[in-house]
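Visitor: Residue numbering for the sequence shown follows the working numbering, beginning at 1083 and increasing consecutively. Before I ask anything, let me first share the structure, which is written out below as structure tokens.
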Amino acid sequence: MAAPVRVCVGRLGTFDFPAGLYAYTGSALRNLEARVSRHLARAKKLHWHIDYLLAAPGVRVCEVRRHGAAECVVNQQVAGEIPVKGFGASDCRAGCGSHLKRLR
Ligand SMILES: [Zn+2]
């Protein structure tokens, strides 16, 4: 995120995201390639929290990493601050707090 941006994240609410580098952790038990391609596509119906963020001006994906571990395990290994409580974590049962973190 090159500049701060205000984003309406569906029913979660509207939030101000400071400029910076963020890490989002998600999972796809089937069809991982299709899910990643969907996240990288600009034109799509907004469904997940991350869709709203990626559709905002000035927001771009700089890297995609694949892990074998469960998303919550990976997410909890990411050191960063939580910009929006509950982001991408609607069905999280591991107490992550958010699946989006701001790295710097
Ligand atoms: Zn989690």
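From the three backbone atoms N, C-alpha and C, an ideal C-beta is built for every residue, glycine too.
Could you check what DSSP says for C1178 in three-state terms: helix, strand or coil?
Guide: Counting from one through the sequence shown, the residue named residue 1178 turns up at place 96. Looking at C1178 - three-state DSSP - the assignment turns out to be coil, as it is neither helix nor strand.
Visitor: Please state the DSSP three-state secondary structure of D1098.
Guide: Residue mapping note: residue 1098 aligns to position 16 of the sequence shown, counting from 1. In the structure shown, D1098 sits in a strand (DSSP, three-state: E or B).
Visitor: By Cβ distance below 7 Å, which residues in the same chain neighbour Y1134 in space, the five residues on each side in sequence not counted?
Guide: Against the sequence shown, residue 1134 aligns to sequence position 52. Same-chain partners within the cutoff: V1089, C1090, V1091, G1092 and L1128.
Visitor: Name the DSSP beta bridge partners of A1105, please?
Guide: Position 23 of the sequence shown, counted from the first residue, corresponds to residue 1105. A1105 is bridged to K1183.
Visitor: Tell me the DSSP secondary structure of E1153 in three-state form.
Guide: Start at 1 with the first residue of the sequence shown, and residue 1153 comes out as number 71. Of the three classes helix, strand and coil, the one that applies to E1153 here is helix, per DSSP.
Visitor: Less than 8 Å separating the beta-carbons of V1141 and L1094?
Guide: Position 59 of the sequence shown, counted from the start, is the residue given in the question as residue 1141. Position 12 of the sequence shown, counted from the start, is the residue given in the question as residue 1094. The answer is no: Cβ separation not under 8 Å.
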